[in-house]
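Structure first, commentary second.
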Amino acid sequence: MATLHSFTSFHYQYKNFDGFLHFRSKKSLTRRYAVRSEGSHHDQDSCKEGDEKKRLRILIAGGGIGGLVLALAAKNRGFDVCVFEKDLSAVRGEGRHRGPIQLLSSALAVLQAIDENAARQIMEAGCVTGDRINGLADGLSGDWFTKFDLSTPALKKGLPVTRVICRMALQDILLEAVGLDIVINKSKVVDFMEESTKVTVFLEDGRQYDGDVLVGADGIWSKVRSKLFGKEDAKYSDYTCYSGLTSFVPPYIDSVGYRVFLGLNQYFVASDVGHGRMQWYAFYKQPLSSPDPPAGKKKRLQELFHDWCGEVTELISETPEDVILRRDIFDRDMIHTWGIGRVTLLGDAAHPMQPNLGQGGCMAIEDCYQLALELEKFVNSRLDFQRSGGISSALRRYEKKRMFRVSTVHAASRMASKVLTAYQPYIEFGFGSSPLSSISTIRITKPSVHVVRMFLQIFLPQFMTWMIAGNGEDGSCI
Ligand SMILES: Cc1cc2nc3c(=O)[nH]c(=O)nc-3n(C[C@H](O)[C@H](O)[C@H](O)COP(=O)(O)OP(=O)(O)OC[C@H]3O[C@@H](n4cnc5c(N)ncnc54)[C@H](O)[C@@H]3O)c2cc1C
């Protein structure tokens, strides 16, 4: 059975509950650090509890999924935390623009380890998809091509089963758990300065804050990242993504969680998101910023997918024009250093990836767990906060420990973008008695048929198992 690293103030153990194996947190003692009050300047003050200890002060740029989960993990450890979010209404509105989010078992387990109560609310608000059939299908016929087993690896390791949750619900639960006293709204980070004893964040309106650590959780267009490593353009993936949410409930809802329908240079993802609604994403290859025709997005999609199977065309036709959104998809090349000195990055600020495997948010959540753990170890070592060496080593350890898993997911997401769309209907595939033989009308162009077949039918199912179960040291879930 897997075990999680335990944080200093909590111990975790598995407990069977409602059909899932959960972690149970038991408050044990103890570790508390002095409270430091919020203000435009924060001095390295301290208060007493038993022996005199200073609180580690963590400044977080960005209150998206990553920023809020880290704030929660840090707050629960007794650290002093401050989140700067340029626009909280955008955090909440994010859901409208990017739709519900899938949280894999490993990310859910991490949330449980960070805050059992918030995790329970997230799980209750989510829709379990991992216990049904999920996988890839042919876009024209709708026939299954590869199925992923999302539940066996989770149950084997005692992890909660994969769910989909509305982003707004997720962020509201996280915000409520973190507290509005910790998240400072309308605070756009424009700069920072690191000195040997502290790091100072500068906001657009002139306010500035001092802390021991700065974490850039400010997304793909991260200011903290560009200050650390210089400005660099994000990479357009060659794909635009239309998304829609519809109240149409298809007849297969009880047996299918999500299905990715494949075609040449386009693919379509349909997922149950609970409450009688379906979320879909339509990815289509086209030049950056191509305009939509005046007739509208829905009309365009109906043309692009006109000969696809009924499962796809029905979802498009059941979705009103005004809830169809579109965004061009970007990522960045992987960098193998995420920080310098007292500053580090997490989530999309560190490793923005394409959304086709639905892993960016999960990786951000896992980052938070590892980062909080390394900072906890640093605090336990009783090294001086004012000396940057110990903090810097803790941050570099976090980066190193996350690098392999995140790089693998980043590479797999890029590869998936090529392979999922290198799929062309109507021409002989020729795989004899393989599951593909039933779809006699499929051809793969570049990359080669064999690469595509291996990736979709062998690598991806294995990869999903690895993602779910995690690969952490000591059998931990990350
Ligand atoms: C179509 C689509 C579908 C996806 N589906 C999934 C999925 O199913 N599962 C999954 O795990 N991932 C998914 N992702 C990826 C996921 O959305 C991201 O990886 C995740 O949101 C990253 O979280 P983050 O906190 O690092 O960054 P963000 O969510 O981008 O949050 C950054 C925050 O920082 C704030 N900010 C930015 N600049 C500043 C500044 N200068 N000062 C202060 N605040 C600032 C922003 O307002 C924002 O609130 C999907 C992505 C897309 C595009």
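The sequence shown finishes on residue 478 if you use the UniProt record's numbering, and the numbering steps up by one all the way, no holes. Beta carbons are placed, not taken as given, at the ideal position from N, Cα and C, and that holds for glycine.
State the DSSP-derived secondary structure class of residue i, mapped to helix, strand or coil.
i	result
D348	helix
I442	For I442, the predicted model reports a pLDDT of 40, less than 50, meaning its position is unreliable and no value from the coordinates is stated.
S243	strand
M278	strand
G179	coil
R36	The pLDDT assigned to R36 is 29, lower than 50, so where the model puts this residue is not dependable; a value taken from the coordinates is nonetheless given after this. Reduced to three states, the DSSP call for R36 is coil.
T162	coil
A412	helix
A270	strand
E399	helix
A300	In the sequence as presented, Ala is not what sits at residue 300; that position holds Arg. Helix, per DSSP.
K86	coil
E252	For the sequence presented, residue 252 should be read as Tyr rather than Glu. Three-state DSSP puts Y252 in coil, outside helix and strand.
L371	helix
S237	strand
C362	helix
N134	strand
T465	helix
residue 508	Given that the chain is displayed from residue 1 to residue 478, the structure contains no residue 508 and the question cannot be resolved.
I324	coil
G389	helix
G341	coil
G19	Per-residue confidence for G19 stands at a pLDDT of 27, beneath the threshold of 50, marking its modelled position as unreliable; the derived number appears in the next sentence. Of the three classes helix, strand and coil, the one that applies to G19 here is coil, per DSSP.
E318	coil
K418	helix
L460	helix
E311	helix
Measuring from the CB of residue i, is there a heavy atom of ligand 1 at a distance below 6 Å?
i	result
R303	Correcting the residue type first, residue 303 is Glu in the shown sequence and not Arg. No, the Cβ of E303 stays beyond 6 Å of every heavy atom of ligand 1.
V189	yes
F261	no
A154	no
residue 480	The requested residue 480 is not part of the displayed model; the chain covers only 1 to 478.
F84	yes
G66	yes
D272	no
D212	no
A372	no
C127	no
A217	yes
D384	no
I324	no
D348	yes
G62	yes
G310	no
A364	yes
Report yes if the CB atom of residue i is closer than 7 Å to the CB atom of residue j, and no otherwise.
i	j	result
V183	G62	no
L345	R225	yes
G257	W280	no
G389	F378	no
V260	L460	no
S413	L375	no
V161	C127	no
I173	Q112	no
G130	S151	yes
R88	N185	First, the residue type needs correcting, since residue 88 is Leu and not Arg in the sequence shown. Cβ atoms of L88 and N185: closer than 7 Å.
V452	V406	no
A154	I468	yes
D210	K227	no
R342	E194	yes
G66	G347	yes
A177	D115	yes
H410	M353	yes
I133	S271	no
L301	Y242	yes
I101	G361	yes
Mind reading off the beta-carbon distance from residue i to residue j? Whole number of angstroms is fine, and I expect it under 8 Å.
i	j	result
T421	L264	7 Å
L203	V189	6 Å
A234	A349	Going by Cβ atoms, the distance from A234 to A349 rounds to 12 Å, so no, they are not a contact pair.
S187	K86	7 Å
I335	P355	Not quite, the Cβ-Cβ distance comes to about 19 Å (not below 8 Å), so this is no contact.
L140	W308	6 Å
If we count Cβ pairs, one from each stretch, closer than 8 Å, do we get three or more for the segment 305-315 versus the segment 245-255?
-> The segment 305-315 is in contact with the segment 245-255.
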